[in-house]
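Notes to accompany the following structure.
2 protein chains.
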Amino acid sequence: MSFELFYWPSIQGRGEFVRLALEAAGAAYVDVARQRGAHGGVRAMQRPMTASDAERPPFAPPFLRHDGLVIGQTANILLYLGPLLGLVPAGEAERLWAHQLQLTIMDVVNEVHDTHHPISSALYYEDQREEALRRAAAFRAQRAPAFLQWFERLLARNPAGKAHLLGGALSYPDLSLFQLVAGLRYAFPRAMARLERKVPHCVALHDAVAALPPVAAYLASPRRIAFNNEGIFRQYPELDGEG
Amino acid sequence: MSFELFYWPSIQGRGEFVRLALEAAGAAYVDVARQRGAHGGVRAMQRPMTASDAERPPFAPPFLRHDGLVIGQTANILLYLGPLLGLVPAGEAERLWAHQLQLTIMDVVNEVHDTHHPISSALYYEDQREEALRRAAAFRAQRAPAFLQWFERLLARNPAGKAHLLGGALSYPDLSLFQLVAGLRYAFPRAMARLERKVPHCVALHDAVAALPPVAAYLASPRRIAFNNEGIFRQYPELDGEG
Numbered sequence: 001m002s003f004e005l006f007y008w009p010s011i012q013g014r015g016e017f018v019r020l021a022l023e024a025a026g027a028a029y030v031d032v033a034r035q036r037g038a039h040g041g042v043r044a045m046q047r048p049m050t051a052s053d054a055e056r057p058p059f060a061p062p063f064l065r066h067d068g069l070v071i072g073q074t075a076n077i078l079l080y081l082g083p084l085l086g087l088v089p090a091g092e093a094e095r096l097w098a099h100q101l102q103l104t105i106m107d108v109v110n111e112v113h114d115t116h117h118p119i120s121s122a123l124y125y126e127d128q129r130e131e132a133l134r135r136a137a138a139f140r141a142q143r144a145p146a147f148l149q150w151f152e153r154l155l156a157r158n159p160a161g162k163a164h165l166l167g168g169a170l171s172y173p174d175l176s177l178f179q180l181v182a183g184l185r186y187a188f189p190r191a192m193a194r195l196e197r198k199v200p201h202c203v204a205l206h207d208a209v210a211a212l213p214p215v216a217a218y219l220a221s222p223r224r225i226a227f228n229n230e231g232i233f234r235q236y237p238e239l240d241g242e243g
Numbered sequence: 244m245s246f247e248l249f250y251w252p253s254i255q256g257r258g259e260f261v262r263l264a265l266e267a268a269g270a271a272y273v274d275v276a277r278q279r280g281a282h283g284g285v286r287a288m289q290r291p292m293t294a295s296d297a298e299r300p301p302f303a304p305p306f307l308r309h310d311g312l313v314i315g316q317t318a319n320i321l322l323y324l325g326p327l328l329g330l331v332p333a334g335e336a337e338r339l340w341a342h343q344l345q346l347t348i349m350d351v352v353n354e355v356h357d358t359h360h361p362i363s364s365a366l367y368y369e370d371q372r373e374e375a376l377r378r379a380a381a382f383r384a385q386r387a388p389a390f391l392q393w394f395e396r397l398l399a400r401n402p403a404g405k406a407h408l409l410g411g412a413l414s415y416p417d418l419s420l421f422q423l424v425a426g427l428r429y430a431f432p433r434a435m436a437r438l439e440r441k442v443p444h445c446v447a448l449h450d451a452v453a454a455l456p457p458v459a460a461y462l463a464s465p466r467r468i469a470f471n472n473e474g475i476f477r478q479y480p481e482l483d484g485e486g
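Going down the list, the sequences are from chains A and B.
For the first sequence, the numbering used here gives the first residue as 1, with consecutive numbering after it.
For the second sequence, the numbering used here gives the first residue as 244, with consecutive numbering after it.
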C-alpha cells in the first residue's frame with residue numbers, strides 16, 4: 001500500500017523533509033491535502049487530528065499513514081521510513097546516529113521558524129518584526145554558523161568520504177541537509193553567501209543531492225512547492241542583515 | 244557496563260528526562276559532570292563533543308555513552324533506553340508512538356526555554372526581558388493549554404486506562420510528562436493553578452509518578468538537582484502573568 005502524507009498543501013515546511021525522502025526513493029505516495037475531492041484538501045488532512053474517536057491523534061502535521069500506523073513528528077516519520085525506503089544503513093548504531101542528525105536538523109528548522117516568529121505563531125510577522133530583527137541577527141551571527149560548521153565537521157570526519165553524512169551512500173539526513181541549505185539560501189541569501197565559504201562540504205552535498213536524478217526530477221516537477229513566505233524559510237530582506 | 248550520562252552538573256535541564264528514566268528503572272549510571280577528579284566535571288562532560296578526533300561528536304548535551312555508543316538528543320537517548328530499561332511496551336507501533344509523545348514533550352521544552360530566552364541563548368535574560376514578557380504571555384495563553392490539553396485527551400482516550408500514556412504500565416513518556424508538569428508548576432505557578440483545573444488526568448499522572456518508590460527516593464535524594472534559574476524551567480514572576 002502506498003504512503004499517505006498529511007501536511008499543509010501550499011508550503012514546503014516540515015513536510016518537505018518527508019516528501020524528499022519519498023521522492024528520492026521513488027516511493028508511491030499520496031500527498032493528501034493536495035488531492036481534489038472528498039478525500040483531499042485541508043479538511044481531509046486534519047481529520048486524523050480532530051476526529052473525536054481518534055485514540056492517538058497527532059499534535060500537528062506532518063504525519064504519515066501507512067500499514068495501519070499513523071506516525072507524527074517529522075524526525076519520527078523518517079525514523080520509520082528510513083529502513084523501508086533504503087535511506088539509512090543497517091544496524092542500531094547507524095540508525096541512532098542518523099536520527100540524531102535528523103533531530104539536530106529539526107532543531108535548526110525550529111530556530112529558523114522563530115527568526116520570523118520569535119513571539120507567537122498566532123501573530124503576524126508584522127506584529128513581531130522588531131523582535132524578529134533581533135532574533136534573526138543572533139541566528140545569522142551565532143546559530144547558523146554553529147550548526148552548519150558542525151555538519152561540515154561531520155562530513156570532513158566521515159571515514160567513508162565527505163560526500164555523505166553516513167557511510168558512503170545516500171541517507172535521509174543527506175536529503176534533509178540539502179533542504180536545510182536550500183532553505184537557508186532562500187531566507188538569508190546575503191548571510192549564506194558569506195557562510196558558505198566556510199562550509200564547502202555542505203555546499204557540495206547540497207549540489208550533489210540536487211543533481212540526483214529522482215531529486216532533480218522532483219525539484220523540476222509541480223510536486224515541488226516553491227519556497228514562499230508562508231513556510232518555515234521566508235524571505236524577509238530585513239532579516240538577512242547588511243549586504 | 245553502567246550508563247554514562249553527559250550533562251550540565253548544576254541544572255535539571257534536558258538531562259533530567261534521562262535521569263528520571265534511569266532512576267525509575269533503578270539502573271546503574273554515572274552522571275559524568277557531577278563526578279570529582281580527572282574523570283568528572285564539565286571538562287570531562289564536554290570532551291566527547293570537543294575532541295578533535297571524535298568522528299561523531301554530539302552537537303550539545305545531553306548525550307549518553309553505553310556499550311560503545313555515544314547517543315545525543317534527549318528523545319533519541321530515550322528511544323534507545325526505553326527497551327533496555329523496560330520503559331516502553333514491545334512492538335514498533337508502541338515504540339513509535341512513545342517516541343512521538345517524547346518529541347512533542349521536547350517541543351514544549353523548547354518553547355518553555357524560549358519564554359525566557361526569545362532572542363538568543365547567548366544573551367542574559369535581562370537583555371531580552373521585554374521580548375520574554377510577550378513570548379511568555381503567548382505561551383501561557385495558547386501554547387501551554389494546547390499541549391497539556393492534547394496530553395489530557397490522550398490519557399482520557401487510552402483504552403487501558405487514564406493512569407498512563409501508553410497501555411496500562413509506566414513508560415518513559417509518563418516520566419517526561421511528570422517532569423513537564425513539575426517544571427511548569429515551578430515556572431508558572433499562577434498560570435498552572437488555573438490550567439491544572441482543565442487537565443486533571445495530567446495532574447493525577449504527575450502525582451502518581453512522584454509517588455513511585457524509586458522516583459520518590461530519587462526526588463528526595465541529593466541526586467535530584469533543585470529547580471533553579473539556570474535551567475529550562477525558571478521562576479521569573481513577571482513571566483507568570485497576573486495573579
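Ideal Cβ placement from N, Cα and C applies to all residues, glycine included.
Let me make sure I understand the geometry here. Which of the options has the alpha-carbon closest to that of residue i?
| i | options | result |
| --- | --- | --- |
| Leu27(A) | Arg65(A), Leu84(A), Pro61(A) and Leu79(A) | Looking at the sequence shown, residue 27(A) is not Leu but Ala. Checking every option, the nearest Cα to that of Ala27(A) belongs to Leu84(A). |
| Arg153(A) | Tyr250(B), Ala430(B), Gly280(B) and Pro301(B) | Pro301(B) |
| Arg134(A) | Val285(B), Pro361(B) and Arg386(B) | Pro361(B) |
| Ala80(A) | Arg338(B), His309(B) and Leu462(B) | For the sequence presented, residue 80(A) should be read as Tyr rather than Ala. Per the Cα distances, Arg338(B). |
| Ala144(A) | Asn228(A), Ala191(A), Val203(A) and Arg34(A) | Ala191(A) |
| Leu155(A) | Val30(A), Gln128(A), Asp67(A) and Pro173(A) | Pro173(A) |
| Leu123(A) | His359(B), Glu259(B), Val442(B) and Ala381(B) | Ala381(B) |
| Asp114(A) | Ala136(A), Glu126(A), Gln102(A) and His99(A) | Ala136(A) |
| Ala447(B) | Tyr429(B), Asn472(B), Ala384(B) and Leu418(B) | Leu418(B) |
| Gly15(A) | Ala51(A), Asn76(A), Ala98(A) and Arg56(A) | Asn76(A) |
| Val355(B) | Ala453(B), Arg428(B) and Leu462(B) | Arg428(B) |
| Ile105(A) | Ala211(A), Gly13(A) and Leu219(A) | Gly13(A) |
| Gln392(B) | His444(B), Gln345(B), Gly311(B) and Gly404(B) | His444(B) |
| His449(B) | Gly334(B), Gly325(B), Ala406(B) and Leu344(B) | Ala406(B) |
| Gly311(B) | Phe17(A), Trp97(A), Ala211(A) and Glu196(A) | Trp97(A) |
| Gly41(A) | Leu101(A), Gly161(A) and Pro9(A) | Pro9(A) |
| Phe151(A) | Arg299(B), Ala425(B), Ala294(B) and Val313(B) | Arg299(B) |
| Val257(A) | Ala294(B), Glu266(B), Leu344(B) and Val273(B) | A question about residue 257(A) goes unanswered here, because the residues of chain A that appear run from 1 up to 243. |
| Gly168(A) | Ala90(A), Gln142(A), Pro189(A) and Phe17(A) | Ala90(A) |
How many angstroms separate the CA atom of residue i from the CA atom of residue j?
| i | j | result |
| --- | --- | --- |
| Leu180(A) | Val109(A) | 8 Å |
| Gly474(B) | Arg467(B) | 13 Å |
| Pro88(A) | Gly484(B) | It should be noted that the sequence gives Val, not Pro, for residue 88(A). Looking at the two C-alpha atoms, the distance is approximately 47 Å. |
| Ser120(A) | Gly280(B) | 45 Å |
| His282(B) | Ala460(B) | 27 Å |
| Gln316(B) | Arg43(A) | 34 Å |
| Ile254(B) | Leu263(B) | 13 Å |
| Met288(B) | Val275(B) | 6 Å |
| Ser128(A) | Glu374(B) | According to the sequence displayed, residue 128(A) carries Gln and not Ser. When rounded, the distance between both Cα atoms is 9 Å. |
| Pro48(A) | Gln35(A) | 16 Å |
| Glu481(B) | Pro456(B) | 36 Å |
| Leu409(B) | Ala54(A) | 15 Å |
| Lys441(B) | Val458(B) | 25 Å |
| Arg400(B) | Pro159(A) | 48 Å |
| Ser414(B) | Leu420(B) | 10 Å |
| Ser464(B) | Ala451(B) | 18 Å |
| Leu346(B) | His99(A) | 12 Å |
| His359(B) | Gln235(A) | 27 Å |
| Gly472(B) | Tyr368(B) | Here the sequence assigns Asn to residue 472(B), which means Gly is not the residue at that position. Straight-line Cα distance between these residues: approximately 10 Å. |
| Leu462(B) | Ala453(B) | 8 Å |
| Ala187(A) | Arg194(A) | 14 Å |
| Ala336(B) | Phe390(B) | 22 Å |
| Leu78(A) | Tyr29(A) | 14 Å |
| Arg383(B) | Gly426(B) | 14 Å |
| Phe470(B) | Phe476(B) | 7 Å |
| Gly325(B) | Phe17(A) | 26 Å |
| Pro189(A) | Leu22(A) | 28 Å |
| Gln142(A) | Gly161(A) | 27 Å |
Taking 7 Å as the cut-off, is the beta-carbon of residue i closer than that to any non-hydrogen atom of the ligand HEM?
| i | result |
| --- | --- |
| Ala264(B) | In terms of ligand content, the structure shown is empty, and the ligand HEM therefore cannot be addressed. |
*Which residues, taken in chain order from the stretch 286-309 of chain B, show a beta carbon closer than 9 Å to some beta carbon of chain A?*
Among the residues of the stretch 286-309 of chain B, those with a Cβ less than 9 Å away from any Cβ of chain A are Asp296, Ala297, Glu298, Arg299, Pro300, Pro301, Phe302, Ala303 and Phe306, in the order of the chain.
*May I have a chain-ordered list of the alpha helix (DSSP H) segments no shorter than 4 residues that lie completely inside the stretch 358-431 of chain B?*
Under the rule that a run must span 4 or more residues, the alpha helix (DSSP H) segments found entirely inside the stretch 358-431 of chain B read 372-381, 387-400 and 415-430.
*Anything in the stretch 397-408 of chain B with a Cβ closer than 9 Å to a Cβ of chain A? List those residues in chain order, please.*
Taking 9 Å as the upper bound on Cβ-Cβ separation, chain A lies near residues Leu397, Arg400, Asn401 and Pro402 of the stretch 397-408 of chain B.
_Selection of the stretch 323-349 of chain B by Cβ proximity to chain A, strictly under 7 Å_ = Residues passing the 7 Å Cβ filter: Tyr323, Ala336, Leu339, Trp340, His342, Gln343, Leu346 and Thr347.
*Count the C-beta pairs between the stretch 46-65 of chain A and the stretch 2-15 of chain A that are closer than 8 Å, then say yes if the count reaches three, no if not.*
By the Cβ rule, the stretch 46-65 of chain A counts as touching the stretch 2-15 of chain A, because three or more pairs are nearer than 8 Å.
*Report the residues of the stretch 365-383 of chain B with a CB closer than 7 Å to any CB of chain A, ordered along the chain.*
Going along the stretch 365-383 of chain B in chain order, one finds Ala365, Glu374, Arg377, Arg378 and Ala381 with a Cβ nearer than 7 Å to chain A.
_Contained beta strand (DSSP E) runs [length at least 3] in the stretch 273-312 of chain B, N- to C-terminal order_ = Within the stretch 273-312 of chain B, the beta strand (DSSP E) runs of at least 3 residues that lie entirely inside it are, in chain order, 306-309.
*Output, in sequence order along the chain, the residues in the stretch 443-462 of chain B whose CB is closer than 9 Å to any CB in chain A.*
Residues: none.
*asked:* Under 7 Å, CB to CB, which of the residues in the stretch 259-289 of chain B have a partner in chain A?
replied: Taking 7 Å as the cut-off between beta carbons, none of the residues of the stretch 259-289 of chain B comes near chain A.
*Compile a chain-ordered list of the residues in the stretch 383-395 of chain B whose CB is closer than 7 Å to at least one CB of chain A.*
For the stretch 383-395 of chain B, which is checked against every Cβ of chain A, the residues closer than 7 Å are Gln385 and Trp393.
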